[in-house]
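Undergrad: This structure is in structure tokens; I'll ask about it shortly.
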Amino acid sequence: DTHTYGGSFIYHLVDNDQPLVAVGYVVALDYKNPYLNPYQEFQRFKTHPKIRPFFENAKRIGYGARALNEGGFQAIPKLTFPGGCISGCSAGFLNVPKIKGTHTAMKSGIVAAESIFGLLSKPTTDSKTKGIEPVDYENRIKNSWLWKELYSVRNFRPSFNTPLGVFGAIFYGALHFVLRGKEPITLKHE
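Structure below.
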């Protein structure tokens, strides 16, 4: 299916001189086929001739499933509200092409803490029951490397939604390799 966004990964690890393998399978939740079963697709993936050898005589020591907010840059919401702010994966701070978000979650948490600490450190005459809104959190995020990183990959996920499907994404990937995120347009993410 060339219109379903997803992928897989295999990480080779060593723990106490024991070889380990971490395997993952990603399927976007906006798939069109109502009969698609991501779990069954993962089981099928593990039977591929290039993948199967990693599982022969292996012992599963853990497993899990996650839902990733992969809407990308165009799906980032307003980040503050009276009494708090949104950070990490909840804010959509995932680098979609790399499927990495730990570093951006940590950075947004640090920026949130700095913004909130700045507000709590100032004397105020406001009501004790009114929630403070760390409005400078959003500005700090937009002036950080986190925002620049997410902006540079903003068109990656929407490129899969073109009529060309995965082929549109391949074309965009080549263009992104040349322009490094400095494209003059931002694709709409639906």
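The UniProt record's numbering puts the first residue of the sequence shown at 1, with every later residue one more than the last.
Just so you know, even glycine gets a beta-carbon here, dropped at the ideal spot from N, CA and C.
For the stretch 139–158 and the stretch 70–78, state whether three or more C-beta atom pairs, one from each stretch, are separated by less than 8 Å.
TA: yes
Undergrad: Touch check for the stretch 88–108 and the stretch 140–153: three-plus C-beta pairs under 8 Å?
TA: yes
Undergrad: Using beta-carbon positions only, say whether Ser87 and Ala112 come within less than 8 Å of one another.
TA: Judged by their CB atoms, Ser87 and Ala112 are nearer to each other than the 8 Å cut-off.
Undergrad: Hey, Asp136 and Ser115: beta-carbon distance below 8 Å or not?
TA: One thing to note: Asp136 has its Cβ within 8 Å of the Cβ of Ser115.
Undergrad: Does the Cβ-Cβ distance between Phe94 and Asn69 come in under 8 Å?
TA: The question names Phe, but residue 94 in the sequence shown is Leu. Less than 8 Å separates the beta-carbon of Leu94 from that of Asn69.
Undergrad: Does the beta-carbon of Ile99 have 16 or more other beta-carbons within 10 angstroms, so that it is buried, or is it exposed?
TA: exposed
Undergrad: Assess contact between the stretch 163–178 and the stretch 47–65, defined as three or more Cβ pairs (one per stretch) separated by less than 8 Å. Is contact present?
TA: no
Undergrad: Return the residue from the list Gln18, Phe42 and Asp15 that minimises the CA-CA distance to Val27.
TA: Comparing Cα positions, the closest option is Phe42.
Undergrad: For the ligand HEM, is there any heavy atom lying closer than 7 Å to the beta carbon of Phe55?
TA: The ligand HEM is not among the ligands present in this structure, which contains no ligands whatsoever.
Undergrad: Within the continuous beta strand (DSSP E) that includes Ile10, where are the two ends?
TA: Gly6 to Asp15
Undergrad: Could you give the distance in angstroms between the alpha-carbon of Val96 and the alpha-carbon of Gln40?
TA: 23 Å
Undergrad: Would you kindly report the start and end of the unbroken alpha helix (DSSP H) that includes Val166?
TA: Val166 to Leu179
Undergrad: In the DSSP assignment, the beta strand (DSSP E) including residue 193 goes from what residue to what residue?
TA: Outside the modelled stretch of the chain, which goes from 1 to 190, sits residue 193, for which no answer is possible.
Undergrad: Name, in chain order, the residues that DSSP records as bridge partners for Cys85.
TA: Thr80
Undergrad: Taking only three categories from DSSP, how would you classify Leu94?
TA: Three-state result, Leu94: coil.
Undergrad: If you run the structure through DSSP and keep just helix, strand and coil, what is Tyr39?
TA: Taken through DSSP and simplified to helix, strand or coil, Tyr39 comes out as helix.
Undergrad: Is it buried or exposed for Leu20, if we count other Cβ within 10 angstroms and need 16 for buried?
TA: exposed
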